[in-house]
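Numbering (the working numbering), first residue to last: 432 to 647.
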């Protein structure tokens with residue numbers, strides 16, 4: 432049962448399957464009814480895949496029910512591949528269009544970022560935001576969707592959300608520009624570097640230094 436649930440949820444990250452989330456939730460319920468040691472529950476190791484699968488299917492009801500039922504087991508369980516969640520949002524958009532991609536982002540972001548943090552933890556769920564956005568931005572080639580998702584990134588979502596929104600809007604501006612290098616040349620150097628690396632654009636060539644000539 433365990434391996435079937437894991438395999439189903441892993442597959443559902445790529446092929447929409449609300450049923451896989453229900454199967455995974457059923458296995459978690461059974462697992463939690465057995466005696467547990469004071470250690471991290473094994474099913475939380477698959478939270479990343481669960482979030483990907485829920486994003487792909489926009490299966491928020493099933494995800495919410497599972498998270499609510501086992502909220503006490505989730506504190507500090509946010510160590511997963513956050514980039515995979517951003518990539519899942521981009522996959523939804525590529526397969527089903529901009530509106531579906533926006534719905535996926537609007538649904539998954541608050542659910543990931545509001546996971547309970549472990550007391551005294553060095554990192555918290557909201558620290559996953561930069562990884563989610565970087566992967567989404569890398570895989571999304573739609574300037575309109577980049578701007579739409581940027582609109583979701585408010586201070587109420589996470590403290591760093593407005594900064595991430597700026598990055599997405601800047602990337603959209605570059606993606607739709609006829610001369611991306613000219614746009615990049617006018618940007619803050621740190622943001623321009625982020626965009627260049629994300630889009631594999633060449634670094635600007637350094638101007639050759641002029642030689643000094645002796646006079647007289």
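For glycine and all other residues, C-beta sits at the position ideal for the given N, C-alpha and C.
For the alpha helix (DSSP H) that residue i lies in, which residues bound it at each end?
i, result
"residue 570", "560–570"
"residue 485", "478–488"
"residue 533", "529–544"
"residue 593", "592–606"
"residue 435", "433–443"
"residue 459", "449–463"
"residue 493", "491–500"
"residue 503", "Looking at the DSSP string, residue 503 is not in any alpha helix (DSSP H), and its letter there is neither H nor E."
"residue 614", "611–616"
"residue 576", "574–581"
"residue 620", "620–630"
Is residue j closer than 8 angstroms to residue i when the C-beta atoms are compared?
i, j, result
"residue 559", "residue 544", "yes"
"residue 539", "residue 564", "no"
"residue 519", "residue 483", "yes"
"residue 486", "residue 435", "no"
"residue 494", "residue 461", "no"
"residue 578", "residue 603", "yes"
"residue 480", "residue 444", "yes"
"residue 490", "residue 452", "yes"
Rounding to the nearest angstrom, what Cα-Cα distance links residue i and residue j in this structure?
i, j, result
"residue 630", "residue 463", "44 angstroms"
"residue 566", "residue 437", "23 angstroms"
"residue 588", "residue 581", "12 angstroms"
"residue 459", "residue 627", "43 angstroms"
"residue 498", "residue 622", "36 angstroms"
"residue 575", "residue 505", "35 angstroms"
"residue 473", "residue 514", "21 angstroms"
"residue 585", "residue 533", "15 angstroms"
"residue 606", "residue 457", "44 angstroms"
"residue 611", "residue 446", "34 angstroms"
"residue 500", "residue 521", "29 angstroms"
"residue 620", "residue 633", "14 angstroms"
"residue 488", "residue 592", "24 angstroms"
"residue 625", "residue 608", "17 angstroms"
"residue 595", "residue 618", "15 angstroms"
"residue 528", "residue 598", "22 angstroms"
"residue 476", "residue 571", "27 angstroms"
"residue 552", "residue 546", "In this prediction, residue 552 has a pLDDT of 45, which is less than 50 and means its spatial position is unreliable; what the coordinates show is noted afterwards. So the alpha carbons of these two residues sit roughly 13 angstroms apart."
"residue 537", "residue 439", "24 angstroms"
"residue 442", "residue 561", "25 angstroms"
My guess is that residue i and residue j are in contact by the Cβ rule of under 8 angstroms, so how many angstroms apart are they, rounded?
i, j, result
"residue 478", "residue 455", "That pair is no contact at about 11 angstroms."
"residue 635", "residue 613", "Actually they do not touch by this definition, with Cβ atoms about 11 angstroms apart."
"residue 573", "residue 526", "About 13 angstroms separates the two Cβ atoms, so there is no contact after all."
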